[in-house]
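This report concerns only the one structure given below.
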Amino acid sequence: MPFLRCTAVVFAAAAVSGGACAQSRPAPPGVSAETTVAIADSPFRIVTHTSGQGSAHRSPRPGTRRAPAALPAPADRRTPLVVINVHDDENTSMEAALIALARVPARITEVKHTGARNLSIRRGAETFTVDPNRIFTDAGAALSLTRLSRMDTAMLRDVRAFADTLLVLAGAADATTIVTLHNNTDANYSARSYLPGAEYAADAAAVHLTPGSDPDDFFFVTDRLLYDALVAERFNVVLQHPETVTDDGSLSVLAARRGQRYANVEAQHGHTEVQRRMIEALVRVLNAQR
Ligand SMILES: [Zn+2]
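Residues 1 to 290 (the working numbering) are what the sequence shown spells out, left to right.
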């Protein structure tokens, strides 16, 4: 199907507005919706899976599909949990989420294109590159364009519009809580990256490492109560510093500015089982804090 330019689209209950161009088409079975959103000449697919019996308002059928006691559905069933995966090469996290959240009312949104981490954006003969988790603030998006290709004012505007559209489609624009899913590789970025003296020390107000655990598997949160609860569950947890965090355009930075509670569930590629348990624990903790 040829990609069509457009100015706005109505997606489920959320109206998309702003400068981004979006094109909806029917979703395959098991996927609630798929929207194509263009940046310049490049289309990107935003796929949203709706879990928890397909509707947050519907009661479980008697004797079936009821959430097990260990994994209660959110107390407020009118508000599905907002979950976002922006890196297309971090598939372990999506596998884990679709299992962990199968019976939890949730809206799980992923950005899909080439299977690569970064977005490659064609505009005429030129290709720009940007990290989709560095586009949620103006400063961060400009820095990411500069680092990965080059800064361009029109491209910055288009990338920022894409970010806004993504948040609307994900239901994150006005959500109380935003959960993100990421994967990392062994021995690079981990919870240790936030320890005093490490690369991202200034971004963290607190770091908890559980003895004997893999520091690649950790939560990164913006909320002290959430931090404490996840530490009590014996996970590795990093608390974002509210003042000294670097404005790198991450969704965690935007969420903190907007007063939204944010939790990134970060695990090593292939640690599907660990990441599934982390997501289940996060749901328990969030339910307890509602
Ligand atoms: Zn990621």
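All C-beta atoms, glycine included, are put in the ideal place defined by N, C-alpha and C.
No experiment lies behind these values; they were computed from the predicted model shown.
Inter-residue spacing [alpha-carbon to alpha-carbon] between residue i and residue j
i: V37; j: G212; result: 43 Å
i: V265; j: G124; result: 37 Å
i: T137; j: D174; result: 16 Å
i: I46; j: L181; result: 15 Å
i: T48; j: R276; result: 19 Å
i: A100; j: A172; result: 20 Å
i: L169; j: L226; result: 25 Å
i: A281; j: D214; result: 17 Å
i: V207; j: A116; result: 30 Å
i: T244; j: A204; result: 8 Å
i: F235; j: D41; result: 43 Å
i: A96; j: E273; result: 7 Å
i: R258; j: R122; result: 31 Å
i: N184; j: A198; result: 17 Å
i: D248; j: M155; result: 17 Å
i: A288; j: A229; result: 9 Å
i: M110; j: P196; result: Per the sequence shown, the amino acid found at residue 110 is Glu instead of Met. About 33 Å.
Residues sharing a beta bridge with residue i, DSSP
i: T109; result: T48, I84
i: T177; result: R261
i: R122; result: T127
i: F220; result: V238, N264
i: I39; result: S42
i: N183; result: A267
i: A204; result: Q240
Residue i versus the options, residue with shortest Cα-Cα distance
i: M151; options: L209, A172, T127, G171; result: T127
i: S250; options: R284, T222, L169; result: T222
i: D131; options: V47, H87, N236; result: H87
i: S120; options: I39, E95, D89, D203; result: I39
i: Q268; options: R103, D217, L226; result: D217
i: V253; options: P196, R134, N85, V238; result: R134
i: P242; options: R103, T146, Q260; result: Q260
i: S93; options: T79, I108, A255; result: I108
i: K112; options: D89, L98, R122; result: D89
i: A106; options: I84, T114, N118, D164; result: I84
i: H271; options: N91, T35, T79; result: N91
i: I279; options: P196, L98, R224, F162; result: L98
i: T114; options: E34, Y189, F44, R224; result: F44
Residue i (DSSP reduced to helix, strand or coil)
i: T127; result: strand
i: D214; result: coil
i: V168; result: helix
i: A33; result: strand
i: S193; result: helix
i: L71; result: The pLDDT assigned to L71 is 39, lower than 50, so where the model puts this residue is not dependable; a value taken from the coordinates is nonetheless given after this. L71 falls in the coil class under three-state DSSP.
i: M94; result: helix
i: G140; result: helix
i: V283; result: helix
i: S252; result: helix
i: M155; result: helix
i: E273; result: helix
Distance between beta carbons of residue j and residue i, contact taken as under 8 Å
i: T129; j: L148; result: 4 Å
i: L166; j: A191; result: Going by Cβ atoms, the distance from L166 to A191 rounds to 26 Å, so no, they are not a contact pair.
i: R160; j: A141; result: 6 Å
i: V82; j: T153; result: Actually they do not touch by this definition, with Cβ atoms about 31 Å apart.
i: Y194; j: A201; result: 6 Å
i: V104; j: S51; result: 6 Å
i: V238; j: F220; result: 5 Å
i: A256; j: Q240; result: 6 Å
i: E292; j: V179; result: Not covered by the structure: residue 292. The range shown for the chain is 1 to 290.
Any C-beta of chain C under 8 Å from that of residue i
i: L226; result: Included in the structure is just one protein chain, with no chain C present.
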